[in-house]
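To convert a position in the sequence shown, counted from 1, into my numbering, add 29. Notes for the one structure printed next.
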Amino acid sequence: MKAGCALPQVTFHTRVRDDSIEGSNPFRWEDKTTQDYFAGKRVVLFALPGAFTPTCSTFQLPGFDDGFGDFAAVGIDDIYCLSVNDSFVMNKWAEMQGIKNVKTIPDGAGEFTRRMGMLVRKDNLGFGLRSWRYAAVVNDGLIEAWFEEPGLADNHGDDPYGVSSPENVLSWLQEATREQAA
């Protein structure tokens with residue numbers, strides 16, 4: 030996937046809170062499509078190898094969440110975090126991280142990630158199939174800018190991080206905003 034490409038059309042199986050459900054697990058299934066998330070909005074999408082993993086939990090997710098105001102100031106409507114994890118895992122991770130601004134997208138079966146060309150094997154870490162780390166600025170379902178970590182490969186020995194960092198994506202957005210204003 031590169032700038033100018035349309036996002037793949039898939040259905041994501043999510044769990045959403047429903048206060049009409051009694052008990053300790055007041056959630057129901059709700060299918061959401063690519064259109065539901067991306068139509069008519071300019072967003073940042075970032076994908077990572079897994080919820081609860083060190084780089085994702087320490088830097089990437091909190092960095093995007095804490096910087097939401099800066100992203101909104103340059104025309105971003107929403108920020109989405111996607112991982113090849115199910116909705117139960119993504120919801121619990123967001124809750125435990127205290128996330129207030131980033132919305133998580135569960136790609137439990139990896140279908141969106143596969144169609145993006147970013148599905149990799151992480152068997153060397155015991156993970157199985159996961160997403161390669163990347164970020165994108167997406168405008169109404171079209172990729173405006175692409176930030177892929179180097180070395181895309183199955184069972185990569187490292188976990189590259191920097192190209193898709195919130196700081197790098199925000200810097201690109203700020204520069205693009207300055208260029209549009211000039």
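Backbone N, C-alpha and C define an ideal beta-carbon position, used for all residues, glycine too.
I'd like to check one pair, residue j with residue i: are the Cβ atoms closer than 8 Å?
i, j, result
"valine 113", "threonine 142", "yes"
"threonine 206", "valine 103", "yes"
"arginine 162", "glutamate 140", "no"
"valine 72", "isoleucine 108", "yes"
"glycine 170", "alanine 68", "yes"
"asparagine 130", "phenylalanine 81", "no"
"aspartate 106", "lysine 70", "yes"
"phenylalanine 156", "proline 91", "no"
"arginine 57", "aspartate 47", "yes"
"serine 116", "histidine 42", "yes"
"leucine 181", "aspartate 99", "no"
"tryptophan 175", "alanine 32", "yes"
"phenylalanine 75", "cysteine 34", "no"
"alanine 164", "serine 193", "yes"
"valine 168", "arginine 44", "What sits at residue 168 in the sequence shown is asparagine, not valine. In this structure, arginine 44 does not lie closer than 8 Å to asparagine 168 by Cβ."
Run through the DSSP bridge pairs and tell me what residue i is partnered with.
i, result
"alanine 123", "Alanine 123 pairs with nothing; no bridge assigned."
"serine 160", "Leu148"
"leucine 111", "Ala76, Ile134"
"arginine 71", "Asn168"
With H, G and I counted as helix, E and B as strand and the rest as coil, what does DSSP make of residue i?
i, result
"threonine 43", "strand"
"tryptophan 58", "strand"
"cysteine 34", "coil"
"proline 135", "strand"
"valine 198", "helix"
"valine 166", "strand"
"leucine 154", "helix"
"valine 192", "coil"
"arginine 98", "Sequence inspection shows glycine at residue 98; the arginine mentioned does not correspond to that position. Helix, per DSSP."
"phenylalanine 81", "coil"
"serine 53", "coil"
"alanine 210", "helix"
"alanine 182", "coil"
Starting from residue i, trace the alpha helix (DSSP H) in both directions and tell me its first and last residue.
i, result
"valine 103", "From DSSP, valine 103 is part of no alpha helix (DSSP H); its letter is neither H nor E."
"phenylalanine 93", "90-95"
For the beta strand (DSSP E) that contains residue i, what are its first and last residues?
i, result
"tyrosine 66", "No beta strand (DSSP E) contains tyrosine 66, which is instead part of the alpha helix (DSSP H) from 63-67."
"leucine 171", "171-177"
Report back the beta-carbon spacing between residue i and residue j to the nearest angstrom; my notes put them in contact at under 8 Å.
i, j, result
"isoleucine 134", "leucine 36", "Contact doesn't hold; Cβ gap of about 11 Å is too wide."
"phenylalanine 93", "proline 189", "About 17 Å separates the two Cβ atoms, so there is no contact after all."
"asparagine 153", "asparagine 197", "Asparagine 153 to asparagine 197, Cβ: 26 Å. No contact."
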